[in-house]
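Line by line, the protein sequences give chains A and B. Here the first sequence is numbered in the working numbering, starting from 2 and rising by one per residue. Here the second sequence is numbered in the working numbering, starting from 4 and rising by one per residue. Ideal Cβ positions, reconstructed from N, Cα and C, are used throughout, including at glycine. In this text the structure is predicted, and so the values were computed from the model without any measurement.
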Amino acid sequence: MTDDQLIWRIAGGSGDGIDSTSRNFAKALMRSGLDVFTHRHYPSRIRGGHTYVEVRAAEGEVRSRGDGYNVLLALGDSFARNPQEEAYYGNEELKPLYENFDDLHEGGIIVYDSGLIDEEQVEEVGLHEKAEENDWHVYPVDLRAIAKEHGREVMRNNAGIGVLSTLLDFDTAYYEEIISGVFDEEIAEANHDVIADGAAKAEEFDEHPDFSMPTADEPEETQALVSGSDAIAYGALDAGCRFIAGYPMTPWTDVFTIMSQTLPKFGGISEQVEDEIAAASLAIGASHTGVKAMSGSSGGGFALMSEPLGLAEMTETPLVLIEAMRAGPSTGMPTKPEQADLEHVLYTSQGDSARVVMAPGNHRECYEQIRTAFEVAYDYQIPTVLIYDQKLQGELRNIDASFFDRDPDPDPGSVLDEAAIEEAAEYHAEKFKRFRYDGEEGVSPRTVPGQKGGRFLATGNEHNEAGHISEDPTDRTLQMDRRLGKFEHIREELDAEGNQTHYGPDEAEYGVMTWGSQQDTVFEAVDRLDEAGHSVKALGVSDMMPYPVAEVSEFLESVEECVVVEMNATGQFRGLTQKETGRFGPKLSSLLKYDGNPFEPAEVVEGFESSVNGEELGETNMKYVPAAGD
Amino acid sequence: MSAFSAIGEQREPDEDEFTPGIEPQPTWCPGCGDFAVNNALKKAMADLGKNPDEVLLCTGIGCSGKLNSYFESYGFHTIHGRSLPVARAAKLANPGVEVVAAGGDGDGYGIGGNHFMHTARENHDMTYIVFNNEIFGLTKGQTSPTSPKGHKSKTQPSGSAKDPVRPLSLSLASGASYVARTAAVNPNQAAEILAEAIEHDGFAHVDFLTQCPTWNKDARQYVPYTDVQDSDEYDFDVTNRQEAGEMMYEVESKLYEGEVLTGRFYRDSERPSYGEEKRSTGEMPGEPLAERYFDEDAEWERSADSLIEKHT
């Protein structure tokens, strides 16, 4: 095997410590100077069920999950149902070993816990034949026995790390340093012993693989290993957000948790409330009272926020919501990523939509765009929704720690203080005119309760300049036009932010467009396609509303054809692009996937090549939908 | 210095201040009980020396929601059933603001019932007035959560098969620390109870019987009424949860037998409000959060200073 990258999978059951081990492992590799990127796959269960985390590591930029994997540490599922019996759902204990065999590279390495998975079971799944066919190197080690000798059974994951350190020839110093930081001395010591025993045990194997861990010089800049959720939460805090209200739901819970743990230390308030209707309504109440506030949820919970979202639009209350997509409809697949809530987020709630929607494409964009979301929401008095998914939420990636070294932005936006209210008193003689027709860029400055001379009525009914309910046709038209007129100015501001990401050569025959979490996977595929002699460039779009019509049109005019890559079944982003630009139907085809697993770069390559060559896709869960008129 | 100078300002009582210049005359039907709520609230606010600029009145949807148009203050006319979550966040954001929420019986005991239960449980320092007319008024006379069993309407043509909600008992069980009932026909008691509710440091729930002369013609006009505190017939301790519970059950039952009992039914002055609870666990700042956004010298924490290190 000649890979210059590691794609390592640790597989077990929920509860086997998969998440923490992979996090520590990724961080150790990061400290050693490698770039790392993780991908999590787990079921909606507390205990048991095949869970794996992939850690991809190489020297130089790693920005996507890889294709398959080359090293498997299979712990077996110690929480499996009926482990020894044939059951409808198969032998769960074994699944972490065999379920994704097909993705293991030729020449790959398997270490499994023979303390949990016995030889008979291994025969059952045909491991030895498959290993011979694919030149896999298989190492059974009784990790459980090693763990039990020094402490608890759950430590078998670190026994596995020890085994791999010998087989792949890497120094466990970085890893052990992290273990020492996580546990108290006694437990850390026990884990160090487990690692050492694992390493010694692996010396007993005669044959070692010819693959070793990639190496790199220690990074010049301190790196931080963060998830998309971390980036969103930190961006919100740095944007001056000090109020969050929510209700738990996977995968949004992550941001809610980080914020809830941090806000009290930052002088803010977090509220876990009875449902998502309340959550969004609380954020509105706090914002109305002068505080920068947010809420969020995932698909089903966001559905409950529809009516408060409309209330924020009508009352022009600044509001930031986040929507963490998972596979739908209904409860769908709670722990699997999908990008099928785009239309839901764009159009839910009655009446003409008046909200801003942004979809960050990676961790840096999560941080930057949530900050932009707060700025736009509070300057323009409009709800802004950040839409992302389970993939971006949980995947870890290293970025320069200095990336976060920025000034906070506590500016509450277009709100008056008491001195400004008094200055304008003459204009507001009868009552403070909160909803002036002539507001600059469509924005009429607001006041907040407790300020002298600023009282007004906010109402979900249509209203006049002073906020009182009005159904006068002229007033109605003026107010609607003013509220929707903000989009023109917001579009200009977002253009200045440069939220869309162009990638690849300036001139190319073909285009690939994508949005949200698939962006960097698509970019990696574009590199490979261009290296293979194709002429391809890519555009990752973040602004969903107001849509960057000019920028996208220019991109699409410059290519012959364009494949739109997204994780849903109906090509929602492609449809949005056609609707917003009003053309390009014959140029746009779709590459879709909605099986609960995000695209691998090779899949995008395969999908692109099939589409260009007019071939059918091979055996895959992807779908290709040709352009209209094809 | 506070950025909100209307809060806590000493002033002479002036009921007229709470009458808006834009809509001084409410459009409720002649004889509607809602007028009485508006009048009682204005009187209570004036008696307490409140400034319209320090009051936030949050309403729901229905005839009751129009209260915002006829009562002068900061107002938030929200959506059906959601006045409470908007109101309680405002109180958390700036505890200095005098927060009052109001809505009808459908709004509060029906569609917003979940929020009612949880807001009471949390014991926010605010007042919640429920216009209880035992009917849906603005949608033209459908059976509501407090309509008596057997109530016939266009949507319940054979008569409601449901027992009505027991609002006082529900409130007590949920955790409200002040529970009272008053009636539109009793303006002095209503103003006194509302003033007490506003002054109470916790969630004060006032079930306000408001007759609907248009859609609930068969219903009582809530006369004659009895104030349980003034009557020798009723003797119970409003600070005793068990006695209060028994009294409420009787009051709720008797309403449907034609006897209108009003007064204070429960008061717990010892229980800390939600804001106090949160401050005591360090989950809410001591200074009003809203002030910070108007203070140029405020210090703002950054993620880079305390959160990034653990990721390195």
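Cβ shell of residue i (< 7 Å), same chain only, five flanking positions each side left out
{"i": "A:V292", "result": "R243, F244"}
{"i": "B:G248", "result": "S172, L175"}
{"i": "B:S5", "result": "E294"}
{"i": "B:N2", "result": "Nothing about residue 2 of chain B can be read from this structure; chain B reaches only from 4 to 315."}
{"i": "B:V89", "result": "C61, F79, T81"}
{"i": "B:S156", "result": "G144, Q145, T146"}
{"i": "A:D596", "result": "N622"}
{"i": "B:E304", "result": "none"}
Residues near residue i by beta carbon distance below 6 Å, same chain, minus five either side
{"i": "B:F139", "result": "G109, Q145, S147"}
{"i": "A:T3", "result": "Confidence at A:T3 is low in this model, with a pLDDT of 45, below 50, so the placement of that residue is unreliable and no value is reported for it."}
{"i": "A:S518", "result": "D390, K392, L393"}
Chain-ordered neighbours of residue i on chain B, where CB pairs are closer than 7 Å
{"i": "A:G241", "result": "W303"}
{"i": "A:P265", "result": "G285, E286"}
{"i": "A:N462", "result": "H80"}
{"i": "A:K432", "result": "G24, I25"}
{"i": "A:H469", "result": "I25, E26, S72"}
{"i": "A:V449", "result": "A293"}
{"i": "A:L310", "result": "The premise fails here: A:L310 is roughly 10 Å from chain B at the closest Cβ pair, so nothing lies under 7 Å."}
{"i": "A:V227", "result": "H314"}
{"i": "A:V292", "result": "A96, L292, A293, Y296"}
Chain-ordered neighbours of residue i on chain B, where CB pairs are closer than 8 Å
{"i": "A:T223", "result": "T315"}
{"i": "A:V274", "result": "P88, H121"}
{"i": "A:D418", "result": "A6, F297"}
Cβ distance (whole Å) where residue i is taken to contact residue j below 8 Å
{"i": "A:F574", "j": "A:V565", "result": "6 Å"}
{"i": "B:A200", "j": "B:V263", "result": "So it is not a contact: roughly 19 Å between Cβ atoms."}
{"i": "B:L141", "j": "B:R184", "result": "In fact, because the Cβ distance is near 23 Å, the residues do not count as touching under 8 Å."}
{"i": "A:A240", "j": "A:R372", "result": "5 Å"}
{"i": "A:P252", "j": "A:A325", "result": "5 Å"}
{"i": "A:R435", "j": "A:G468", "result": "5 Å"}
{"i": "B:N135", "j": "B:F206", "result": "That belief does not hold up - the Cβ atoms of B:N135 and B:F206 are roughly 17 Å apart, past 8 Å."}
{"i": "A:T502", "j": "A:G362", "result": "6 Å"}
{"i": "A:V386", "j": "A:V416", "result": "Wrong, their Cβ atoms sit about 21 Å apart, outside the cutoff."}
{"i": "A:Q480", "j": "A:E508", "result": "Contact flag wrong, Cβ pair sits at about 46 Å."}
{"i": "A:N500", "j": "A:Q370", "result": "7 Å"}
Cβ neighbours of residue i in the same chain (closer than 8 Å, five flanking residues each side left out)
{"i": "B:L85", "result": "Reading off the sequence shown, one finds Arg at residue 85 of chain B, where the question assumed Leu. Once the five neighbours on either side are set aside, the close Cβ partners of B:R85 are G63, G115, H118."}
{"i": "B:Y259", "result": "P151, K152, P167"}
{"i": "B:S306", "result": "none"}
{"i": "A:I278", "result": "L305, M306, E308, P309"}
7 Å Cβ cut-off: residues of chain A touching residue i
{"i": "B:P167", "result": "Near B:P167 there are no residues of chain A at all, since even the closest Cβ is about 23 Å away, more than 7 Å."}
{"i": "B:I10", "result": "G451"}
Residues that residue i contacts on chain A, provided the C-beta gap is smaller than 9 Å
{"i": "B:L310", "result": "D231, A234, Y235, L238, I259, T263, F405"}
{"i": "B:H118", "result": "V274, E275, D276, I278, A279, S282"}
Contacts of residue i in chain A (Cβ-Cβ under 8 Å)
{"i": "B:V89", "result": "S282, L283, I285, G286, H289"}
{"i": "B:E57", "result": "P450, G451"}
Inset, instruction - Evaluate the contact criterion for the region 97-108 of chain B versus the region 119-135 of chain B: three or more CB pairs, one atom per stretch, below 8 Å. - result: yes
Legend entry - Cβ contact (3+ pairs, closer than 8 Å) linking the region 264-274 of chain A and the region 281-289 of chain B: yes
Inset, instruction - Could you say if the region 25-41 of chain B and the region 613-630 of chain A meet the contact criterion of at least three C-beta pairs nearer than 8 Å? - result: no
Legend entry - Whole beta strand (DSSP E) elements within the region 14-42 of chain A, 3-residue minimum: 36-42
Legend entry - Three CB pairs or more closer than 8 Å across the region 74-83 of chain B and the region 50-66 of chain B: yes
Inset, instruction - Quick one: which unbroken alpha helix (DSSP H) runs of 4-plus residues sit fully inside the region 77-129 of chain A? Chain order, please. - result: 96-99, 120-125
Legend entry - Uninterrupted alpha helix (DSSP H) stretches inside the region 474-508 of chain A (no shorter than 4 residues): 474-498
Legend entry - Validate contact between the region 272-280 of chain B and the region 205-216 of chain A using beta carbons, cut 8 Å, 3 pairs: no
Inset, instruction - Mind listing, in chain order, the continuous beta strand (DSSP E) runs of no fewer than 3 residues lying wholly within the region 204-281 of chain B? - result: 206-212, 228-230, 263-270
Inset, instruction - Answer yes if the region 24-32 of chain A comes into contact with the region 174-187 of chain A, meaning at least three C-beta pairs across the two stretches below 8 Å, and no otherwise. - result: yes
Legend entry - Minimum length 3: unbroken beta strand (DSSP E) runs contained in the region 160-230 of chain A: 224-228
Legend entry - Any 3 or more C-beta pairs closer than 8 Å across the region 221-231 of chain A and the region 183-195 of chain A: no
Legend entry - Segments assigned alpha helix (DSSP H), at least 4 residues, entirely inside the region 216-299 of chain A: 229-239, 254-263, 277-289
Legend entry - Given 8 Å, three or more beta-carbon pairs between the region 538-551 of chain A and the region 479-497 of chain A: yes
Legend entry - Touch test, the region 421-428 of chain A against the region 454-461 of chain A, Cβ-Cβ under 8 Å, three pairs minimum: yes
Inset, instruction - Kindly confirm or deny that the region 157-165 of chain A and the region 7-21 of chain A touch, where touching means at least three C-beta pairs closer than 8 Å. - result: yes
Inset, instruction - Determine contact between the region 190-199 of chain A and the region 38-51 of chain A, defined as no fewer than three beta-carbon pairs at a distance below 8 Å. - result: no
Inset, instruction - Kindly provide the ranges of any beta strand (DSSP E) runs that are 3 or more residues long and lie completely inside the region 510-553 of chain A, ordered along the chain. - result: 511-516, 537-542, 544-546
Legend entry - Given 8 Å, three or more beta-carbon pairs between the region 64-79 of chain A and the region 215-223 of chain A: no
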